[in-house]
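**Student:** Using this note's numbering, the first residue of the sequence shown is number 13, and each one after it goes up by one.
Below you will find the structure I want to go over with you.
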Amino acid sequence: MSLVSDSALRRALARARDGKALDVTEATVLLHARGERLDALLEHASRVRDAGLQAAGREGIITYSRKVFIPLTRLCRDRCGYCTFATAPHKVPAPFMSPDEVLEIARQGAAMGCKEALFTLGDRPEDRWHQARTWLDSHGYDDTLSYVRAMAIRVLEETGLLPHLNPGVLGWRDLQRLKPVAPSMGMMLETTSRRLFEEKGQAHYGSPDKDPAVRLRVLEDAGRTNVPFTTGILIGIGETIEDRAESLFAIRRVAREYGGIQEVIVQNFRAKPDTAMRGLPDADLEELAATIAVARLVLGPRVRIQAPPNLVDSEYELMIRAGIDDWGGVSPLTPDHVNPERPWPQISLLESRTASAGFRLRERLTIYPEYVLAGEPWLDPRLTAHVAALADPATGLAREDAVLRGLPWQEPDGGFAASGRVDLHVEVDTAGRTHDRRDDFDHVYGDWDALRDRLTPAAHVAPHSAASLLGADHVAPSSADEVLAAPAPETRPGGIAGADAAVSPHAVSPDAVSPDAASAQGVSPGAASPGAVSARGASLGVASPQAVSPQAALSDGVSSGAVPAGAAVADGASHAAAPNAAGAASSPVAESGAGWSASSKEAAKKPSKGAAATPGDVRQALRRAASDPAGLSDAEAVALLQADGEALDELAAIADELRRQAVGDDVTYVVNRNINFTNVCYTGCRFCAFAQRRTDADAYTLSLDQVADRAEEAWQAGATEVCMQGGIHPDLPGTAYFELARAIKARTPGMHVHAFSPMEVINGASRTDMSIRAWLEAAREAGVDSLPGTAAEILDDDVRWVLTKGKLPAKEWVEVITTAHQVGIPTTSTMMYGHVDNHLHWVRHIKLIRRIQEETGGFSEFVLLPFVHTSAPIYLAGIARPGPTAQENRAVHALARILLHGAIKNIQCSWVKLRDDLCRQVLQGGVNDLGGTLMEETISRMAGSENGSYKTISELREMVEVTGRPVRQRTTEYGTPTQERLDASRASDGVCKSVRRVLPLA
13 MSLVSDSALR RALARARDGK ALDVTEATVL LHARGERLDA LLEHASRVRD
63 AGLQAAGREG IITYSRKVFI PLTRLCRDRC GYCTFATAPH KVPAPFMSPD
113 EVLEIARQGA AMGCKEALFT LGDRPEDRWH QARTWLDSHG YDDTLSYVRA
163 MAIRVLEETG LLPHLNPGVL GWRDLQRLKP VAPSMGMMLE TTSRRLFEEK
213 GQAHYGSPDK DPAVRLRVLE DAGRTNVPFT TGILIGIGET IEDRAESLFA
263 IRRVAREYGG IQEVIVQNFR AKPDTAMRGL PDADLEELAA TIAVARLVLG
313 PRVRIQAPPN LVDSEYELMI RAGIDDWGGV SPLTPDHVNP ERPWPQISLL
363 ESRTASAGFR LRERLTIYPE YVLAGEPWLD PRLTAHVAAL ADPATGLARE
413 DAVLRGLPWQ EPDGGFAASG RVDLHVEVDT AGRTHDRRDD FDHVYGDWDA
463 LRDRLTPAAH VAPHSAASLL GADHVAPSSA DEVLAAPAPE TRPGGIAGAD
513 AAVSPHAVSP DAVSPDAASA QGVSPGAASP GAVSARGASL GVASPQAVSP
563 QAALSDGVSS GAVPAGAAVA DGASHAAAPN AAGAASSPVA ESGAGWSASS
613 KEAAKKPSKG AAATPGDVRQ ALRRAASDPA GLSDAEAVAL LQADGEALDE
663 LAAIADELRR QAVGDDVTYV VNRNINFTNV CYTGCRFCAF AQRRTDADAY
713 TLSLDQVADR AEEAWQAGAT EVCMQGGIHP DLPGTAYFEL ARAIKARTPG
763 MHVHAFSPME VINGASRTDM SIRAWLEAAR EAGVDSLPGT AAEILDDDVR
813 WVLTKGKLPA KEWVEVITTA HQVGIPTTST MMYGHVDNHL HWVRHIKLIR
863 RIQEETGGFS EFVLLPFVHT SAPIYLAGIA RPGPTAQENR AVHALARILL
913 HGAIKNIQCS WVKLRDDLCR QVLQGGVNDL GGTLMEETIS RMAGSENGSY
963 KTISELREMV EVTGRPVRQR TTEYGTPTQE RLDASRASDG VCKSVRRVLP
1013 LA
């Protein structure tokens, strides 16, 4: 251990004593405290812990969970140098425990009063061991996680124990699959040290799942998915003291932004025989105490901190003084299979030793009390009854009189009872919305302050010319498979919903506890670790030239603009100097340079105009657009987005000529009806003003009959299409989407059902535990004819995780869309722009859409959706700008026509989001389609669009009349409707009577 000066220790201790924010350097210094200095450090940490317990209503209480340990498989694809849990197939009786073995342990545990079933297993053993793959195949499981899910359900149904899942590295979709069967999950971060991962002979070398960036991504995905998550650090495995501090700050960032870290374990390394690290000394217990104390100061009073009691010898009181408030899981039945040489203490002994330190021991559940009391969105409705059977409703702790018994686990039954403001589709144009924001605005979207802190650095990126930003054009992938193959994008903010201030796992405010304890919670929001690995990627506006290429932007590892393997970047710091994949330093992207960022509403009024292209740049780009539209470089395309005046008119003329070549002069529209079957949603999209909590005044859900009634009414008005989407309602089963499609087809067999965004597809597939392909095939059989390509927003996860807390990553969007095309379901494609993005994002988004189209041919049109800001949460929070300018709207519509020429024929503008005069302008700049009559457009209206919720055929024709172009009604597939449909729509003017606005008499 390196030495620090006594004066440095005194200064750091004084700051901790006075409740001052610590930085990484000060935390590193404090980790060296010993003797009297350690005593002082423990005193400060205890004070912060005690303030947090008091605020949570658990003053003087230390918790634990009575559990059984279920080692589902000891096979693993990793090769950690300290692990005795993972083994080889010939050393175990079978690759996996059988269901009978799992249930026998769970039943015995239930009989002894245990309430937690801890599933621990190696990471994806089938990827390394053919024996594991063979076992899974022979038992009918696609992968290890499918077996984990099945066993969790069996334990819930047959014993009543609550599963806590530790299956290793999980992706966003894995978390979606497992959340309905487990109240909590976990994975140790262990360390952010890349040296231990990359250097031969180090603890994590040769273990793909121990990449710190990958593991941080798991923590963030868990937060975005609203999974109460356990993590922690492992000390003494070869990391430096600085590594420990940086690891704590990395956890702190995730805990603050998402609110989903329910506990942090500080665990000491214990050398084990028959491992590569058997000769290393055990981590000293004073070292452990100092680390716990620093963790408490950094993480603050609201994060629960645990030390495993079987690894602390007899130093229980020392760990309590250091600031723990939990002992973790303790089993009266099963050994600690990870540390088998260290038996659990008897619970009576643990209670006695806790009491001698002045605290009471209380049992908790695997899901911490804060999340029990918060309920949705942290606890899946399918688990509510299981948790309620064991939880004290007043405290969220375990009920002492709870009786363990199995309860049925099943998908929600139906969920289509009509409820709430079902006439919102009409009243949004008359009475309007009840409030400008939902009641849980302050936390359902994550921590707004953390989001602002993270975005602020982007505002200070020095502008560069468009050409200097991009360098040589990136190479497009050869296939859509490559689009899906690379390492992936990132993570973003979140928070806890439903808990009051006393129990919410938010970062504590200075008013929540004593001033000293409150400010002792950790570093200031802007403080950054000079060496901490950032798993979330660059700040907006800090992207390397390859950032939005499919490989960089749509894979499963580090995000676009994120740190490549081997790079270490400060949390919140610019990545301008981070090496890109080619080894060169990447330049900041100035929007058409610097990414858009704001810390106030005043800043939000300004569009993101970083480096301006020169008139020469624009002229050169116009020449290229005219001669080789699909060959425009990123730099040239960004320059065109800045065209104005005569140059903008020339750009529009080029686009309009390409439109004429592709589809002729007809302006088309479809007579259709939007049906948004529910607006109850907890996904946390920060741009969405439509989503509501189930208890909000504007919340509603339609019954199946109401959905079918609206479809039938639309058919009578001449509609040929129903466009159907809804919120991600926690009560709806994954098969609900099939029922909706069947209900419409049963009532109106000839209606084209254009339904369900990729987010809804992922939700349905996750809830039914079906593959994307299988779910889409079932949807097609149920009557779905095409999918809306919404939920795309901007296909760059650095933007997506600012726009939304928990929506699907870009990679998942691409997979749903390409799979739909492969099974014969066409889709639209979309882009929502003008919020926290920049022009380079727009260009690369459109180019990605083109590459997918060249591979699959499944897009019918490209729809441009300008951001509507008025009631959008991210605008109300002062983070997004108020949508694109008129110049940007004209330019991007024209550019879309140019970049997609020869690939997608139809370019659609959104009359809902653009005023009529701007629609007319873009119709003279490459656009050929106006979308639909809609009949009820609630989503944009809830966000503050002032263009109404429908347009009659007469109004659409009047809009186009000034252009002199013919207007034609079309089908979804851009064919011509039957004469019967044309006659019916002409009679109704394309809109059913029930939604028409009644004008008052003069």
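Every residue, glycine too, gets a C-beta built ideally from N, C-alpha and C.
All figures in this text were calculated on a predicted structure; none of them were measured in a lab.
With a threshold of 8 angstroms on Cβ separation, who are the neighbours of Thr975 within its own chain once the five nearest residues in sequence on each side are excluded?
**Tutor:** In the sequence shown, the residue the question calls residue 975 occupies position 963. These residues qualify, in order along the chain: Val679, Arg932, Leu935, Gln936.
**Student:** Decide if Gln920 is buried, meaning its Cβ has at least 16 other Cβ atoms within 10 Å, or exposed.
**Tutor:** As a working mapping, residue 920 is identified with position 908 in the sequence shown. Answer is buried; the Cβ neighbour count reaches 16.
**Student:** Which of helix, strand or coil does DSSP assign to Gly271?
**Tutor:** Looking up residue 271 in the sequence shown gives position 259. If DSSP states are grouped into helix, strand and coil, Gly271 belongs with coil.
**Student:** What would DSSP say about Lys1005, mapped onto helix, strand or coil?
**Tutor:** Counted from its first residue, the sequence shown places residue 1005 at position 993. Correct three-state label for Lys1005: helix.
**Student:** Run through the DSSP bridge pairs and tell me what Phe1017 is partnered with.
**Tutor:** Residue 1017 cannot be examined here, being either before or after the span of the chain that is shown, 13 to 1014.
**Student:** From Thr96, Met782, Glu138, Leu84, pick the residue whose C-alpha is nearest to that of Glu1031; which is it?
**Tutor:** There is no way to answer for residue 1031, as the model of the chain reaches only from 13 to 1014.
**Student:** My assumption, with CB atoms under 8 angstroms, is that Ile784 sits in contact with Leu820. Please give the rounded CB distance.
**Tutor:** Taking the sequence shown and counting its residues from 1, one reaches residue 784 at position 772. Taking the sequence shown and counting its residues from 1, one reaches residue 820 at position 808. Not quite, the Cβ-Cβ distance comes to about 11 angstroms (not below 8 angstroms), so this is no contact.
**Student:** Which value, in whole angstroms, describes the spacing of the CA atoms of Arg140 and Arg89?
**Tutor:** On the sequence shown, position 128 is the one that residue 140 refers to. On the sequence shown, position 77 is the one that residue 89 refers to. Rounded to whole angstroms, Arg140 to Arg89 spans 5 angstroms at the Cα level.
**Student:** Nearest-angstrom Cα distance between Ala498 and Pro107?
**Tutor:** Walking along the sequence shown from the start, residue 498 turns up at place 486. Walking along the sequence shown from the start, residue 107 turns up at place 95. In this prediction, Ala498 has a pLDDT of 37, which is less than 50 and means its spatial position is unreliable; what the coordinates show is noted afterwards. Their Cα atoms are separated by approximately 30 angstroms.
**Student:** Do Leu130 and Ala302 have their beta-carbon atoms positioned less than 8 angstroms apart in this structure?
**Tutor:** Taking the first residue of the sequence shown as 1, we reach residue 302 at position 290. Taking the first residue of the sequence shown as 1, we reach residue 130 at position 118. No, the pair does not count as a contact, with Cβ atoms beyond the cut-off.
**Student:** According to the neighbour-count rule (16 or more other Cβ atoms, all chains shown, within 10 Å of its Cβ), is Leu15 buried or exposed?
**Tutor:** Numbered from 1 along the sequence shown, position 3 holds the residue referred to as residue 15. Counting Cβ neighbours within 10 Å, Leu15 comes out exposed, since fewer than 16 surround it.
**Student:** Once you ignore the five residues that flank Ala122 on each side, which residues in its own chain have a CB closer than 7 angstroms to its CB?
**Tutor:** The count along the sequence shown starts at 1 and reaches residue 122 at position 110. Hits under 7 angstroms: Thr171, Gly172, Leu173, Leu416.
**Student:** Going by Cα to Cα distance, which pick from Val939, Glu733, Glu363, Gly870 is closest to Glu948?
**Tutor:** Residue numbering aside, residue 948 sits at position 936 when the sequence shown is read from its first letter. When each option's Cα is compared against that of Glu948, the closest is Glu733.
**Student:** Decide if the region 260-268 is in contact with the region 324-338; the criterion is three or more beta carbon pairs, one per stretch, under 8 angstroms apart.
**Tutor:** No, the region 260-268 is not in contact with the region 324-338.
**Student:** Cα-Cα, which of Pro627, Glu299, Phe241 is closest to Gly47?
**Tutor:** Translated into positions along the sequence shown, residue 47 becomes position 35. Closest option to Gly47, Cα to Cα, is Glu299.
**Student:** Counting along the chain, where does the beta strand (DSSP E) carrying Val734 start and finish?
**Tutor:** On the sequence shown, residue 734 is found 722 positions in, with the first residue counted as 1. Where Val734 is concerned, the enclosing beta strand (DSSP E) stretches over 733-737.
**Student:** For Gly738, count neighbouring Cβ atoms within 10 angstroms of its own Cβ and tell me buried if that reaches 16, exposed if not.
**Tutor:** Counting from one through the sequence shown, the residue named residue 738 turns up at place 726. Its Cβ being crowded by 16 or more others within 10 Å, Gly738 is buried.
**Student:** Would you mind sorting Ala524 into buried or exposed? The rule is 16 or more other CB atoms within 10 Å of its CB.
**Tutor:** In the sequence shown, residue 524 corresponds to position 512, counting from 1. In this prediction, Ala524 scores a pLDDT of 30, lower than 50, which makes its location untrustworthy; the coordinate-derived value is nonetheless stated afterwards. Ala524 is buried by the Cβ-count criterion.
**Student:** Going by beta carbon distance, what residues of the same chain come within less than 6 angstroms of Trp184, once the five residues before and after it are set aside?
**Tutor:** Here residue 184 refers to the residue found at position 172 when the sequence shown is read from its first residue. Counting only Cβ-Cβ distances below 6 angstroms, and skipping sequence neighbours, we find Asp233, Pro821.
**Student:** Just list the residues that DSSP pairs Asn688 with in beta bridges.
**Tutor:** Translated into the one-based positions of the sequence shown, residue 688 becomes position 676. Gln737, per the DSSP bridge assignment.
**Student:** Only counting the same chain, and skipping five residues up and downstream in sequence, which positions put a Cβ closer than 7 angstroms to that of Ser612?
**Tutor:** Here residue 612 is taken as the residue at index 600 of the sequence shown, counted from 1. Here the model assigns Ser612 a pLDDT of 36, short of 50, so the residue's position is not dependable, and the following value carries that caveat. Excluding residues within five positions, the ones whose Cβ falls inside 7 angstroms are Gly890.
**Student:** Give me whichever residues DSSP pairs with Ser77 in a beta bridge.
**Tutor:** For the purposes of this step, residue 77 is taken as the residue at position 65 of the sequence shown. For Ser77, which the question treats as bridged, DSSP gives the partners Gly341.
**Student:** Per the DSSP calculation, Cys700 is bridged to which residue(s)?
**Tutor:** Looking up residue 700 in the sequence shown gives position 688. Its beta-bridge partners do not exist; DSSP assigns none.
**Student:** May I ask you to verify whether the region 27-42 touches the region 316-324, counting CB pairs closer than 8 angstroms and requiring at least 3?
**Tutor:** Contact between the region 27-42 and the region 316-324 is absent, because fewer than three Cβ pairs lie under 8 angstroms.
**Student:** What would DSSP say about His851, mapped onto helix, strand or coil?
**Tutor:** Reading the sequence shown from its first residue, position 839 is the one you call residue 851. In the structure shown, His851 sits in a helix (DSSP, three-state: H, G or I).
**Student:** Give the single residue among Ala624, Ala642, Ala651 whose Cα lies nearest to the Cα of Gln1018.
**Tutor:** Summary: the structure shown does not reach residue 1018, with the chain confined to residues 13 through 1014, and so no result is reported for it.
**Student:** Starting from Leu133, follow its DSSP beta bridges and name the residues at the other end.
**Tutor:** Walking along the sequence shown from the start, residue 133 turns up at place 121. Thr85.
**Student:** Compute the distance between the beta-carbons of Thr242 and Glu275, then report whether it is under 8 angstroms.
**Tutor:** Translated into positions along the sequence shown, residue 242 becomes position 230. Translated into positions along the sequence shown, residue 275 becomes position 263. It is a contact, given that the beta carbons lie within the stated cut-off.
**Student:** Can you list, in chain order, the residues of its chain whose CB lies under 6 angstroms from that of Ala730, leaving out five sequence neighbours each side?
**Tutor:** Mapped onto the sequence shown, residue 730 falls at position 718. As written in the sequence, residue 730 is Gly, which differs from the Ala given in the question. Val683, Arg993, Ala996, Ser997, Ser1000.
**Student:** Would you report the Cα separation of Glu169 and Ala98, rounded to the nearest angstrom?
**Tutor:** For the purposes of this step, residue 169 is taken as residue 157 along the sequence shown, with counting starting at 1. For the purposes of this step, residue 98 is taken as residue 86 along the sequence shown, with counting starting at 1. Rounded to the nearest angstrom, the two C-alpha atoms are 29 angstroms apart.
**Student:** Using only the alpha-carbon positions, how far apart do Arg812 and Thr407 sit?
**Tutor:** Position 800 of the sequence shown, counted from the start, is the residue given in the question as residue 812. Position 395 of the sequence shown, counted from the start, is the residue given in the question as residue 407. For Arg812 and Thr407, the distance between alpha carbons rounds to 36 angstroms.
**Student:** Can you list, in chain order, the residues of its chain whose CB lies under 8 angstroms from that of His56, leaving out five sequence neighbours each side?
**Tutor:** By 1-based counting over the sequence shown, the position of residue 56 is 44. Closer than 8 angstroms at Cβ, skipping near neighbours: Leu25, Ala28, Arg29, Ala305, Leu309, Ala532.
**Student:** Beta carbon of Pro175, beta carbon of Ala162: below 8 angstroms?
**Tutor:** The count along the sequence shown starts at 1 and reaches residue 175 at position 163. The count along the sequence shown starts at 1 and reaches residue 162 at position 150. Going by C-beta atoms, Pro175 is not nearer than 8 angstroms to Ala162.
**Student:** What residue ranges within the region 169-209 form continuous alpha helix (DSSP H) runs of no fewer than 4 residues, ordered along the chain?
**Tutor:** DSSP runs (the alpha helix (DSSP H)) wholly in the region 169-209: 184-190.
**Student:** What did DSSP end up calling Gly483 once you bin it into helix, strand or coil?
**Tutor:** What you label residue 483 is simply residue 471 of the sequence shown in a count that begins at 1. Confidence is the limiting factor: at Gly483 the pLDDT is only 31, short of 50, which leaves the residue's position unreliable, though a coordinate-based value still follows. Residue state, collapsed to three classes: coil.
**Student:** Can you grab the Cα-Cα spacing for the pair Lys32 / Phe702, in whole Å?
**Tutor:** Your numbering for residue 32 matches position 20 in the sequence shown. Your numbering for residue 702 matches position 690 in the sequence shown. Straight-line Cα distance between these residues: approximately 41 angstroms.
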